[in-house]
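A short worksheet on the structure shown next.
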Amino acid sequence: MGFLTGKKFLITGLASERSISWGVAQAMQREGAELALTYQTEKLRPRVEKLAEKCGANIVLPCDVSADEEINGLFDKLGNSWTELDGVIHAIAFVNRRALEGDYVENTSRKDFNVAHEISSYSFTALARAGREMMQGRGAMVTMSYLGAERAMPNYNVMGVAKASLEANVRYMANSLGPDGIRVNAVSAGPIRTLAASGITDFKKMIDEVEKNAPMRRNVTIEDVGNTTAFLCSDLAAGITGEVLYVDSGYHILGMNPL
Ligand code: NAD
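Using numbering that gives the first Met the number 0, you'd call the opening residue of the sequence shown number 0 and step up by one each time.
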């Protein structure tokens with residue numbers, strides 16, 4: 000029996016077998032959870048349906064978080080199959096590629112700033128509001144952040160500002176939802192090669208830097224992030240909320256890189 004046996008989770012953000020949320024789905028399935036998956040567009044649907052078969056998820060639903068109707072519709076449809084929900088995984092971020100390079104001040108338009116914040120941060124609040132009733136007294140929500148929320152990283156630019164918003168969002172949501180028995184946390188993951196990451200200019204340099212200098216001298220995997228996320232959603236983490244937990248081989252503790 001796994002530590003999520005008897006629990007039901009909604010997982011967003013699946014795009015491929017490289018997606019962080021695929022690492023989460025696999026860990027949660029292994030620990031005995033029942034899963035429902037979402038896909039952003041019709042183009043992604045067949046891929047997500049295949050992943051659903053692999054992880055035994057028999058609910059697959061559309062949800063583009065840029066539309067409130069889709070978010071509300073998601074929970075309406077989920078309510079046809081499940082009366083209660085033990086948690087939501089938010090593994091969604093987006094910004095126009097042109098904003099992920101060069102000088103932050105020069106390259107950040109009002110539109111790109113707004114889109115990055117709406118899709119990568121606000122959507123977590125919107126999912127919480129729509130799912131609040133189903134999660135009463137039992138929910139655990141987890142989102143995915145990155146160190147660029149706290150430090151100015153090359154090329155991460157406005158996505159770092161959106162991740163800072165997301166981490167503040169975690170704290171405000173935790174305080175708002177705590178009295179309802181719903182916990183809210185973030186995992187701050189080290190760089191991992193995924194579709195979203197391929198949009199960041201010089202991403203390979205970030206990977207190489209972690210491998211060379213992180214205390215553990217290796218990059219993290221979607222399995223590492225999946226296991227920690229499963230733990231945060233379990234009763235083993237019943238006393239943890241409003242937290243940002245680093246899964247980055249210890250990279251965030253470094254002051255100066257070794258000379
Ligand atoms: P990914 O490309 O596999 O997943 C990103 C997902 O976001 C996709 O499934 C995409 O469909 C979804 N998405 C984008 N816009 C959406 C919208 N409007 N509505 C619904 N879904 C939408 O990449 P990933 O790296 O697995 O990203 C998952 C999360 O992890 C993101 O928040 C990302 O910022 C975060 N993260 C990634 C890394 C990394 O190095 N890969 C590190 C730290 C944090």
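Quick reminder that beta carbons are idealized off the backbone N, C-alpha and C, glycines included.
Could you tell me which residues DSSP puts in a beta bridge with residue i?
i           : result
lysine 7    : Glu33
serine 144  : Ser187
alanine 139 : Gly86, Arg182
tyrosine 38 : Pro61
Taking the C-alpha atoms as reference points, what is the distance between residue i and residue j?
i              : j              : result
glutamate 41   : methionine 255 : 46 Å
asparagine 156 : threonine 107  : 8 Å
isoleucine 10  : serine 144     : 16 Å
leucine 3      : serine 233     : 6 Å
leucine 43     : alanine 14     : 7 Å
glycine 78     : alanine 35     : 11 Å
leucine 235    : threonine 227  : 11 Å
asparagine 218 : isoleucine 191 : 7 Å
glutamate 30   : cysteine 54    : 11 Å
alanine 66     : isoleucine 19  : 23 Å
glycine 138    : arginine 182   : 6 Å
leucine 231    : threonine 200  : 31 Å
methionine 140 : tryptophan 21  : 16 Å
Output yes or no for whether 7 Å exceeds the beta carbon distance between residue i and residue j.
i              : j           : result
valine 186     : leucine 253 : no
glycine 225    : valine 23   : yes
alanine 32     : lysine 49   : no
glycine 249    : alanine 213 : yes
alanine 26     : alanine 237 : no
valine 87      : glycine 130 : yes
methionine 172 : alanine 125 : no
When DSSP labels each residue in this structure, what does residue i get in the three-state scheme?
i             : result
arginine 192  : coil
isoleucine 58 : strand
tyrosine 245  : strand
arginine 150  : coil
glycine 238   : coil
valine 94     : coil
Is residue i close to the ligand PLP? I mean its beta-carbon at under 6 Å from any heavy atom of the ligand.
i           : result
alanine 196 : Among the ligands modelled here, namely the ligand NAD, the ligand PLP does not occur.
Is there contact between the segment 82 to 94 and the segment 113 to 120, where contact requires at least three CB pairs shorter than 8 Å? The segment 82 to 94 is in contact with the segment 113 to 120.
Would you call the segment 208 to 217 and the segment 142 to 161 touching, i.e. three or more CB-CB distances under 8 Å? Judged by Cβ distances under 8 Å, the segment 208 to 217 makes no contact with the segment 142 to 161, as fewer than three pairs qualify.
Would you be able to state if there are at least three C-beta pairs under 8 Å between the segment 159 to 166 and the segment 54 to 63? With contact defined as three or more Cβ pairs closer than 8 Å, the segment 54 to 63 and the segment 159 to 166 are not in contact.
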